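Structure record follows, encoded as structure tokens.
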Amino acid sequence: MGKSLVTGIDIGHYSIKAVVLKPAGDSYTLIGCKELLITEDIFSDNHTLDYQKIVKKLKELRKGLPLFSHKVAISVPDNAVISKVLQIDSDLQAPEKEFAIYQAFSHQSPFPMEELSLDFVKVMKKSVSRSSTVSYQVYATRKDVVESRALAAQKAGFLPIAVDVQIHSLLNIWQLASRAQHRSDWMLMDVGHTQTALCIDFTDKAPFHKEIPLGCQWLSQDRVMSGTNAELADKNERFVHELIERLQRQLQLFTSVNGAGSLAGIWLSGGGADTPMLAQEISRRLKLECEILDPFLLFNNKLAKRQQGELSGQSFSTAAGLALRGIEWLESSHVA
């Protein structure tokens, strides 16, 4: 059993969330989940982590997870990642392609290549005609950002098998939801602490994903000063208004490229998914269906009923998506 369990660990500003999944044929079984509160000083400068503090918290987290859930997939912040699409000669063999990607990226990178960790994926195109070049989506982040997470996980007794950006984990949740609900024309909107992520995938081209630099942190600022219910309601209303304004601008960009009928609805996830009036106002102002997406409903749920009742599954979307990424990585024969 332990060989196939993967734990996705999402390290946020105020909590660490973990989701343990196991593949079950064409679906997945939810074996366990855990949220552990932390303080924001666990982050050092430039997206790295305070080693001693994070190791202590990860050890505590591990004690609350099921047995055999030591294989983990961890996220790095999207804003710590450089993303570029590069054109590479299509006639190159695999080792030559990798060298060509590194070479091409080095000419555009603001950092020395020896300081970076790189990953890349081929961009699928609709055209069937042969081209002299092929497109690759390349992702790079500083090695110390990756290593601070991987080393801390190892010290806490975990085995890191994948480190990935948040948006990839959310795209995995989108793919699962779109298949389960037959809604390939819905977009996932993850309302986080410092930013809101948008994503939707396609069968014949690169996914659409954008970050809006606005999240629940805005609501918590000045909360001590905004003590009355009326003031808090007003602050909530202004947050919802501003977030929808920014969402609308991104959707205009999306429909200008993909067509006016390319979007039918919005799934909300993340810690801010249940912000009062957010779903209702998106539906009213943008004329789109809008629902909260609980990723746990996409899995065979083995959690105790008491635990199920205590959880807001939508806030575990990134952790669940990371677990899916880890399973995908294992199944693609990267490890024996």
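Take the position in the sequence shown, starting the count at 1, then add 14; the result is the number in this note's numbering.
Every residue gets a Cβ at the ideal spot worked out from N, C-alpha and C, and that includes glycine.
The structure displayed is predicted, hence computed values, not measured ones.
Relative to the alpha-carbon of residue i, which residue among the options has its alpha-carbon at the smallest distance?
| i | options | result |
| --- | --- | --- |
| residue 152 | 280, 232, 255 and 115 | 115 |
| residue 131 | 118, 147, 95 and 101 | 95 |
| residue 145 | 103, 163, 107 and 179 | 103 |
| residue 282 | 330, 27 and 164 | 330 |
| residue 214 | 199, 118, 266 and 294 | 199 |
| residue 345 | 261, 176 and 192 | 176 |
| residue 98 | 161, 201, 123 and 277 | 123 |
| residue 297 | 223, 255, 326 and 168 | 255 |
| residue 307 | 69, 190 and 172 | 190 |
| residue 304 | 292, 31, 263 and 150 | 292 |
| residue 203 | 275, 173 and 288 | 288 |
| residue 313 | 31, 43 and 32 | 43 |
| residue 83 | 133, 172 and 70 | 172 |
| residue 197 | 113, 80, 278 and 262 | 278 |
| residue 211 | 224, 127, 218 and 149 | 224 |
| residue 263 | 66, 113, 85 and 226 | 226 |
| residue 69 | 220, 30, 257 and 100 | 30 |
Strictly by DSSP, which residues pair up with residue i?
| i | result |
| --- | --- |
| residue 174 | 86 |
| residue 37 | 42 |
| residue 315 | 44 |
| residue 203 | 212 and 282 |
| residue 133 | 153 |
| residue 147 | 103 |
| residue 271 | Bridge partners of residue 271: none, in fact. |
| residue 187 | Answer is none; residue 187 lacks a bridge partner. |
| residue 160 | Answer is none; residue 160 lacks a bridge partner. |
Does the beta-carbon of residue i have 16 or more other beta-carbons within 10 angstroms, so that it is buried, or is it exposed?
| i | result |
| --- | --- |
| residue 280 | buried |
| residue 207 | buried |
| residue 20 | buried |
| residue 267 | exposed |
| residue 309 | buried |
| residue 138 | exposed |
| residue 135 | exposed |
| residue 125 | exposed |
| residue 39 | exposed |
| residue 201 | buried |
| residue 121 | exposed |
| residue 252 | exposed |
| residue 93 | exposed |
| residue 3 | Since the first and last residues shown for the chain are 15 and 350, residue 3 lies out of range. |
| residue 242 | exposed |
| residue 237 | Because the pLDDT of residue 237 is 47, which lies under 50, any placement of that residue in the model is unreliable, and the question is left without a value. |
| residue 76 | buried |
| residue 78 | exposed |
| residue 286 | buried |
| residue 348 | Residue confidence for residue 348 is low, a pLDDT of 49 falling below 50, so the modelled location carries little weight and cannot support an answer. |
| residue 247 | exposed |
| residue 209 | buried |
| residue 222 | buried |
What is the DSSP secondary structure of residue i, counted as helix, strand or coil?
| i | result |
| --- | --- |
| residue 222 | strand |
| residue 98 | strand |
| residue 31 | strand |
| residue 73 | helix |
| residue 229 | coil |
| residue 277 | coil |
| residue 63 | strand |
| residue 51 | strand |
| residue 289 | coil |
| residue 21 | strand |
| residue 239 | Reliability fails at residue 239, whose pLDDT of 42 lies under 50, so the model's placement of it is uncertain and the value that follows must be treated cautiously. Three-state result, residue 239: coil. |
| residue 348 | Its pLDDT being 49, under 50, residue 348 is placed unreliably in this model, and the value from its coordinates should be taken loosely. DSSP places residue 348 in coil when its eight states are reduced to three. |
Alpha carbon to alpha carbon, how far is residue j from residue i? Give it in angstroms, no decimals.
| i | j | result |
| --- | --- | --- |
| residue 159 | residue 194 | 35 Å |
| residue 181 | residue 154 | 14 Å |
| residue 72 | residue 166 | 8 Å |
| residue 216 | residue 302 | 19 Å |
| residue 28 | residue 56 | 9 Å |
| residue 284 | residue 105 | 42 Å |
| residue 229 | residue 25 | 16 Å |
| residue 110 | residue 23 | 34 Å |
| residue 117 | residue 157 | 18 Å |
| residue 340 | residue 46 | 15 Å |
| residue 35 | residue 334 | 8 Å |
| residue 162 | residue 91 | 13 Å |
| residue 271 | residue 294 | 26 Å |
| residue 249 | residue 316 | 39 Å |
| residue 290 | residue 245 | 14 Å |
| residue 184 | residue 327 | 14 Å |
| residue 64 | residue 108 | 38 Å |
| residue 164 | residue 338 | 18 Å |
| residue 234 | residue 52 | 16 Å |
| residue 205 | residue 188 | 14 Å |
| residue 300 | residue 168 | 46 Å |
| residue 186 | residue 81 | 25 Å |
| residue 336 | residue 343 | 10 Å |
At a cut-off of 7 Å, would you count residue i as near the ligand GDP, judging by its Cβ distance to the nearest heavy atom?
| i | result |
| --- | --- |
| residue 242 | By its list of ligands, the structure shown contains no ligand whatsoever, and the ligand GDP lies outside what it can speak to. |
Counting only beta-carbon atoms, is residue i nearer than 8 Å to chain C?
| i | result |
| --- | --- |
| residue 178 | This model lacks chain C altogether; it includes just one protein chain. |
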